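Note sheet for the following structure.
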Amino acid sequence: MKYFGFIKEHDNDKYAVSIKDLIVDGNKENPHRKEVIEYLKKGELCVPFMGCVENANDPNFNTDNYDDDYFIAYISISTDGKWYWPDYIITYLEKYPTMRIDKDFINYVLRNKDNEIKLSEEDILKLEKLYIDKAGFRKAE
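Mapping the sequence shown onto this note's numbering, position 73 (from 1) lands on 132, and the numbers just tick up by one.
Quick look at the structure:
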């Protein structure tokens, strides 16, 4: 499994990238951004968590001055069976058109954008367990 869109300010995983490295002044909008967003929206909910994430690009992020109106998305992980992504990445990509997008993921989306994402309940449960085990929430059995 591969991982896309995990932001270090929300996730401590080794594959997470800081928001400061993704949203950089002077970046141009990626010409495939809309296709990536459409693909992400087709994903299957795989790991539902409780809670929301705040906009890590907001100057008041992680301060006592932060306003609850700046929550950006619910915490949950979706998948297509090959990649995992946090659902909050969709909101970030919509809000910040010049946000950097992983080239490997763009190439994958361009090859697979017309394919239907259809996973069985059994597949989703296996992928959920795999994600939870890899993320270190519990020991693998």
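C-beta: ideal position from N, C-alpha, C; glycine also. Every value quoted in this text rests on a predicted model; they were computed, and no experiment measured them.
Alpha-carbon spacing of residue i relative to residue j, whole angstroms
i: Leu99; j: Ser179; result: 18 Å
i: Lys185; j: Lys177; result: 14 Å
i: Tyr190; j: Tyr147; result: 17 Å
i: Lys79; j: Asn116; result: 7 Å
i: Asp139; j: Ile131; result: 22 Å
i: Asn89; j: Glu181; result: 35 Å
Cβ neighbours of residue i in the same chain (closer than 6 Å, five flanking residues each side left out)
i: Gly110; result: Ile134
Residue range of the alpha helix (DSSP H) that includes residue i
i: Tyr155; result: Neither: Tyr155 is in no alpha helix (DSSP H) and is coded neither H nor E.
i: Phe108; result: That residue, Phe108, is in no alpha helix (DSSP H); its beta strand (DSSP E) goes Glu103 to Glu113.
i: Val168; result: Lys162 to Asn171
Run of the beta strand (DSSP E) containing residue i, from where it starts to where it stops
i: Phe130; result: Phe130 to Thr138
i: Tyr143; result: Trp142 to Pro145
Test item: CB-CB of residue i and residue j under 7 Å
i: Trp144; j: Lys61; result: no
i: Ile183; j: Glu68; result: no
i: Phe164; j: Phe65; result: no
i: Tyr129; j: Glu153; result: no
Close Cβ partners of residue i (< 8 Å) along its chain, the five nearest in sequence each way excluded
i: Ala194; result: Asp72
i: Tyr74; result: Tyr62 and Phe65
i: Ile96; result: Ile149, Leu152 and Glu153
Any non-hydrogen atom of the ligand GTP within 6 Å of residue i CB
i: Trp144; result: With respect to small molecules bound, the structure shown includes none, and the ligand GTP cannot be examined in it.
The segment 155-165 in contact with the segment 79-86 per 3-pair CB rule at 8 Å: yes
The segment 115-125 / the segment 162-180 touching (three or more Cβ pairs under 8 Å): no
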